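Notes for the one structure printed next.
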Amino acid sequence: MGSSLKIVGGEVYDPANGINGAVKEIYVQDGKIVEACREPSGVIDATNLVVMPGGVDIHTHIASSAVNAARGFRPEDHRHGLIAKKPGIRSGVGFTVPSTFATGYLYTKMGYTTVMEAANAPIGVRHTHEELIDTPILDKGLYILMGNNEFILKYLKAGEMEKVKRYVAWLIRSLKGYGIKLVNPGGVEQWKYGKDVEGLDDKVYYFDVTPRQILKALAWTNESLGLPHPIHLHANRLGIPNNYLTTLETMHALEGFRLHMAHIQFHSYGGENWGGFCSKAAEVAEYINTHPHITTDIGQVVFGDATTITADGPWQYRLYKLSKNKWYNQDVEVETGCGIVPYVYREKNYVNAIQWAIGLELFLLIQDPWRVSLSTDHPNGGAFIFYPWVIKLLMDKEFRSEMLKRVHKRVLSDTTLPNLDREYTLSEIAIITRAGPARALGLTRKGHLGVGADADITIYLKDSDREQMFEHPIYVLKDGVVVLREGELVGSRDGKLLFVVPPDVGEMDPEFKTEFENFYTIEYENFPIDAEDIPNREAIPAGASR
Amino acid sequence: MAEGVAVKEAKELTVVKGVTCPFCGVTCDDLEVHVVDGKIKDVKNACVLGKDTFMHHLEGWATPRIKGKPATIDECIEAAAEILAKAKYPLIYGLDSTELNAQRKAIELAELIGANIDHTSSVCHAPSLQAVQTVGISSCTVGEVKNRADLIIFWGCNPAEAHPRHPSRYSVTAKGLFTPKGKKDRMVINVDVRPTPTTRMADAFIQVKPNSDYEVFSALELNRFTKFQCAPMRGHGNVVGMAQVLTWQTGYPFAVNMSRGYPRFNPGEYSVADLLAHREVDAALIVAGDAIGNFPAKMAEHLQSIPLIAIDPKESGTTKVATVVIPTAQAGIAAGGMAYRMDHIPLVMKKVVDSPYPSDREVLERILAKVSSMKNGGNGAPSPASKGRG
Ligand code: SF4
Ligand SMILES: [Zn+2]
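Line by line, the protein sequences are chains A and B.
Going left to right, the first sequence walks through residues 2 to 547 as this note's numbering numbers them.
Going left to right, the second sequence walks through residues 71 to 460 as this note's numbering numbers them.
Now the structure itself:
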């Protein structure tokens, strides 16, 4: 006999199952949603409350060597959020780069229960797992950086696609990863010479391949392995004026494949230079509206402190020069790079205000909410704790108008934002914060409240101030257990790692061990991670090859 | 186990491959350890320091004792827990020569008792950590050095003696993607206040005046001209791992104070040197690291005047004067776990032989459980949270 529970009287928003505010009972048994249970051991009265699946974050940076470098390098950031120990609750600090325990608690306090760590150098994945083990409550997965991997570049140069496929499967299997991440494909390899790529057809030194080839190869590999999530792409030219052309070209180049465009706000810029910086949200949204192979998360800018952390080494160097803030760079052998620069987005700064507006334009102009996920590219556009503020901006036109009066006045004249009347409904919010990202991730037990789903449930008090509503859930249940009640954490528990098991596409060639040891600095046998080293985990099978 | 089986196994040689060396931050993971009858007979691929660590791991073992008198491990754990549960402003220190999970437990214990927690970075690499917090750093993993670096500057460091295999595995004779001829593809420069054995490996030696420590800053600026990286040569044992886990759990790499129930960072106030010099701490737990042997007399003096617990596989200056000595299985040899290389890459350490003593992690876990039940009045009720709320 396990625990069981009934939630009664709540207005349920479960868009994956077509439920849009109906009052409906939800039954939970042994951590799963069930049809009904006879004598539930507990009842939650949700009368006048809103019931949704737990939030799912498709793109965030909460645990990795890079994130930890950011923590260590930003002691000034930690003084904004102190979490004291309580029985069962560990202490921590939190703001743009919260400590691990704090990360688990802060997401939970916001009603989120599943998050995807978006950038991991393969050799650092062991480190990420250790941090994720110390990130309580949440279920977590991680994407593995592959867009500048020298083995992949080498196989591509030789035209050996089957080897690319075997290698990718081997990486995901060995490291217990969730999906393929590309960051500035080709450009980070160029950064090892202090350079970048200018566009999709620029050749990468020595390897002689182009970003276009890398993109296509990994998109093809992803489909032929039947991975649950599309390739997750941080496209070339992030943050640079006129990068929307590269963005459109990239999406066009990958027609025929599923593609997740990460933090697309940072890739929707026009203008020949910073002086002419402008929004191209309409063009990008238009493309997405007419091309169903794309999903995206926005990477909304939030005013105030941010920490930019990305594998995009050359971009971080540019930002360091532009912002004159401190700069951390770490190039990673064989695989990728990493840069960190603290940053402050200011309402009155023209570029920052336009960036803020572009994010909102994209949210409002992309018609199909199922293909848009809420993100701030935490902590690049701002901390995840501000999601409720973004929700208010999306749901409340009046609030947007107030903000428009505060920000740099050229947002009024230079973007379409003042003319956009759309207001997100509760159901649409449920889509962009849980149902949609879960679907894009291929997580069939997340983001909905149908029978068989994980009983990760958030219950909110209805409030016309949507920021208040989403910032302070009344209850959060994880695996059917109440972890938050009346806005207070009432207990912690371990969350699990979600990892994909790719299909068996053959072993690596015998000579791979020698090559590996020639270019890496660790033993081949010491590279894979034993599943047993991760105490709580759930294998997600890959689907059929597409 | 039946005796016959034990005899049969007695002569068998087991070769454990891919063993990670726990001694320094080069963190070589290619050692081969030969074990016969539960004893280490040989170690291949290691440098002299690494080999000695394995071959002599049984020498100088500490023994369990309280106030100089022999005791059982259980009694020692009880005594340690009593000291820590009573302390008002304790210190937990050392933690470089142990593995990640023991370090985790030490942080949890620090949180529980409101301790200051610090480690050896504080007394050696604190200035470079603080330089990074101020201006940043441009760095790379050691494989980037192996594959690409055509100019190496050893600045104020002496890998020939402190990190013996760094030059052959990563930085001087190592052959990589764009350095197929190893040493021939590189120019090696040594900058220091005096020549050292490292100077002999260098193509050029530049002597500088003491205290001209601006390498971190200049490496950043050099990126204007070419790709330049700067890598602190850190690492006695797993000191990097301690800085890593302390950072992800508390936000800060060293000198953390938990007396308010949440982490605070203030080098110069919560670092070991200041806490001891100002005679502020009233009890100390030293784990896997010698404090007394390495500290100036004034700091050592205060440590000797307060209840002092030493958890260590070996006798040291600290165990000699400690109130409670708890010997443990040496991490990386008789206990498994994880260690970090100087460039923040984690590697698994294997347990290659058994020890009659528990691991650091186990000892800390048991102390933690004891202190926790003492603080809860032994009745399992949750402790009042008032301390954390103050
Ligand atoms: S260089 Fe360091 S890690 Fe390598 S064998 Fe020697 S002591 Fe051990
Ligand atoms: Zn990102």
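Beta carbons are placed, not taken as given, at the ideal position from N, Cα and C, and that holds for glycine.
Everything numeric in this text was worked out from a predicted model, so none of it was measured.
In the DSSP annotation of this structure, the continuous segment of the alpha helix (DSSP H) that includes residue 309(B) starts and ends at 309 to 320. Pairwise C-beta distances place the region 272 to 283 of chain B out of contact with the region 96 to 114 of chain A, as fewer than three of them are shorter than 8 Å. With respect to residue 136(A), residue 101(A) sits close: the two C-beta atoms are nearer than 9 Å. The C-beta of residue 375(B) has fewer than 16 other C-beta atoms within 10 Å across all chains shown, which makes the residue exposed.
The region 133 to 192 of chain B contains, as complete alpha helix (DSSP H) runs of 4+ residues, the segments 143 to 156, 170 to 183 (chain order). If you check each beta-carbon in the region 413 to 431 of chain B against every beta-carbon of chain A, the ones closer than 7 Å belong to 414, 415, 416, 417, 418. The secondary-structure analysis by DSSP pairs residue 419(B) across a beta bridge with 407(B). The beta carbon of residue 335(B) sits closer than 9 Å to some beta carbon of chain A.
Residue burial is scored here from C-beta neighbours: residue 5(A) has at least 16 other C-beta atoms within 10 angstroms and is therefore classed as buried. For residue 444(B), the closest C-alpha among the options 118(B), 152(B), 129(B) is that of 152(B). Remark: the shortest separation between the CB of residue 64(A) and any heavy atom of ligand 2 does not fall under 8 Å. Contact of residue 323(B) with chain A is assigned, a C-beta pair being separated by under 9 Å. Following the DSSP letters along the chain, one finds residue 387(A) in no alpha helix (DSSP H), marked with neither H nor E. Assigned with DSSP and collapsed to three states, residue 117(B) falls in coil, not helix or strand.
Contact residues of ligand 2 (beta-carbon closer than 5 Å to any heavy atom; chain order) are 119(A), 378(A).
The C-beta separation of residue 442(A) from residue 117(A) comes to about 7 Å, placing the pair in contact by the 8 Å criterion. By the criterion of a C-beta distance shorter than 7 Å, residue 271(B) is surrounded in its chain by 230, 237, 242, 258, once the five residues flanking it on both sides are discounted.
Judged by DSSP secondary structure, residue 390(B) falls within the alpha helix (DSSP H) whose first and last residues are 387 to 391.
Chain-ordered, the chain B residues with CB closer than 9 Å to the CB of residue 520(A) read 213, 216, 217, 246, 247. Residue 515(A) is classed as exposed because its beta carbon has fewer than 16 other beta carbons within 10 Å across all chains shown. For residue 161(B), the closest Cβ of chain A is not nearer than 9 Å.
A residue is called buried once 16 or more other Cβ atoms fall within 10 Å of its Cβ, and residue 248(B), having fewer, is exposed.
The closest CA to that of residue 263(A), considering only 168(A), 225(A), 252(A), 214(A), is found on 252(A). Between residue 239(B) and residue 193(A), the C-beta gap is not smaller than 9 Å, which leaves the two residues out of contact. By the criterion of at least three beta-carbon pairs nearer than 8 Å, the region 95 to 115 of chain B is in contact with the region 423 to 438 of chain B. Here residue 45(A) is not near residue 461(A), since their CB atoms are 9 Å or more apart. As computed with DSSP, residue 210(B) is found in a beta bridge with 332(A). Taking residue 399(B) as the centre and dropping the five residues before and after it, the same chain places the C-beta of 405, 425, 427, 429 closer than 6 Å to its C-beta, in chain order. Residue 177(B) is not a Cβ neighbour of residue 154(B), given a cutoff of 9 Å. Between the region 125 to 132 of chain A and the region 477 to 488 of chain A, the count of Cβ pairs shorter than 8 Å is below three; the stretches do not touch. No heavy atom of ligand 1 is found nearer than 8 Å to the CB of residue 11(A). If you draw a straight line from the Cα of residue 118(B) to the Cα of residue 322(B), it comes to about 34 Å.
Comparing alpha carbon positions, the residue from 397(B), 382(B), 381(B), 324(B) closest to residue 198(B) is 324(B). In the DSSP assignment, no residue is bridged to residue 328(B). For residue 381(B) against residue 357(B), the beta-carbon gap comes to about 5 Å, under 8 Å, which counts as contact. Where residue 357(A) is concerned, the enclosing alpha helix (DSSP H) starts and stops at 351 to 366.
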